[in-house]
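**Student:** Chains as they are written, first to last, in the working numbering: chain A, 339 to 505; chain B, 253 to 389.
Structure in structure tokens, see below.
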């Protein structure tokens, strides 16, 4: 995959957007737009999205500290990336909403893995079960946000990507 | 034909989603920490950065640690709301700054690390809670 200077600028801007959106909505528990943006980045940019995901993870670590929680940032968004890559021919917004909702519901379980590895299966299970209600909020909010915002954000980013191609 | 198949997929996925949410909601009800009601005697020990200890004895009907902490006049705390409830960063005016020196307040119940946020940490008669100024490695 060849990366040009234009790609670097575009990827940096989109990483910054992801970070601003995450930090800006951090006060709302488990209501986030990161999933939506990563889904759309994956559909518009393809494999280049991985650069954004790992740059974003490093920046999150710099801001919030590289704790145990940070390990999951290295794989949860990559899992979402691969799900979207596999289903990239889907044209139904409702199905994207459902996929995003399932991702939100599974988020706590995915994040519990480092705790299960460090503290044992029960520690991971307890960590996950304590946050089930937050996972439900995450799943439902992901569904609604993708349903409402997928189409406009997709078209804006598609246009932006085309604009960068012809700069 | 294609549209009908798509509609079927959408309906099936929505049903699956609703089913998973229902199962998780039931799971939460079953797995959420149990509580004991009635008068309970608990102790809360605050261990500051300089290792000095301040102990509070409380007789409470509170079900969760946060309520019990609220009832103790001398014990003050504050923090930021996070994904898993209040992340306490200041106890009795002493702030643990994770972004500064990696410090945070650890919560223990009967010498076991608390797995829940203070708003969900159940309390039982005789529990000893420790709130310890900790510097991460």
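Don't be surprised by glycine CBs; every beta carbon is placed ideally from N, CA and C.
Just so you know, these numbers come straight off a predicted model, no measurement behind them.
#1: What residue range is occupied by the uninterrupted beta strand (DSSP E) comprising residue 325 of chain B?
#2: Once you ignore the five residues that flank residue 449 of chain A on each side, which residues in its own chain have a CB closer than 6 Å to its CB?
#3: Does the distance from the C-beta atom of residue 307 of chain B to that of residue 296 of chain B stay below 9 Å?
#4: Please classify residue 305 of chain B: is it buried, with 16 or more other beta-carbons within 10 angstroms of its beta-carbon, or exposed?
#5: Leaving out the 5 sequence neighbours to the left and right, which residues in its chain are closer than 6 Å to residue 318 of chain B when beta-carbon positions are compared?
#6: Going by C-alpha to C-alpha distance, which of A:344, A:362, A:453 and A:355 sits closest to residue 465 of chain A?
#7: Using the DSSP secondary-structure output, state which residues sit across from residue 452 of chain A in a beta bridge.
#8: With the cut-off set at 9 Å, would you say residue 492 of chain A and residue 378 of chain A are in Cβ contact?
#9: Does the distance from the CB of residue 436 of chain A to the CB of residue 268 of chain B come in under 9 Å?
#10: Taking the straight line between their C-alpha atoms, what separation do you get for residue 505 of chain A and residue 392 of chain A?
#11: Cβ of residue 402 of chain A less than 9 Å from any chain B Cβ?
#12: Compile a chain-ordered list of the residues in the region 428-456 of chain A whose CB is closer than 7 Å to at least one CB of chain B.
#13: For residue 315 of chain B, tell me which candidate among B:365, B:374, B:388 and B:300 has the shortest Cα-Cα distance.
#14: Quick one: what does DSSP say residue 379 of chain B is sitting in, helix, strand or coil?
#15: Return the CA-CA distance between residue 255 of chain B and residue 375 of chain A, expressed in angstroms with no decimal places.
#16: Contact criterion: CB-CB distance below 9 Å. Does residue 399 of chain A meet it with respect to chain B?
#17: Who are residue 492 of chain A's beta bridge partners in DSSP?
#18: Identify the contact partners of residue 317 of chain B in chain A, using a Cβ-Cβ distance below 9 Å as the criterion.
#19: Please check if any C-beta of chain A sits within less than 9 Å of the C-beta of residue 272 of chain B.
#20: Can you check which of these residues, A:429, A:353 and A:386, is closest to residue 395 of chain A by C-alpha distance?
**Tutor:** Quick look at the numbers:
#1: Counting along the chain, residue 325 of chain B falls outside any beta strand (DSSP E), and DSSP gives it neither H nor E.
#2: These residues qualify, in order along the chain: 410.
#3: yes
#4: exposed
#5: 370 and 371
#6: Residue A:453 holds the alpha-carbon nearest to the alpha-carbon of residue 465 of chain A among A:344, A:362, A:453 and A:355.
#7: Partner(s): none; residue 452 of chain A has no beta bridge.
#8: In contact: residue 492 of chain A and residue 378 of chain A (Cβ atoms closer than 9 Å).
#9: In this structure, the beta-carbon distance from residue 436 of chain A to residue 268 of chain B falls below 9 Å.
#10: Note that residue 505 of chain A has pLDDT 49, beneath the 50 cutoff, so the model's placement of it is unreliable and the number below is only indicative. One C-alpha to the other measures close to 26 Å.
#11: Using a CB distance cut-off of 9 Å, residue 402 of chain A counts as an interface residue toward chain B.
#12: 430, 432, 433, 436, 439, 440 and 443
#13: For residue 315 of chain B, the nearest C-alpha among the options comes from B:374.
#14: coil
#15: 27 Å
#16: no
#17: For residue 492 of chain A, which the question treats as bridged, DSSP gives no partner whatsoever.
#18: Under the 9 Å cutoff, chain A gives no residues; its nearest Cβ is about 13 Å from residue 317 of chain B.
#19: Against chain A, the CB of residue 272 of chain B has a partner CB under 9 Å away; the residue lies at that interface.
#20: A:353
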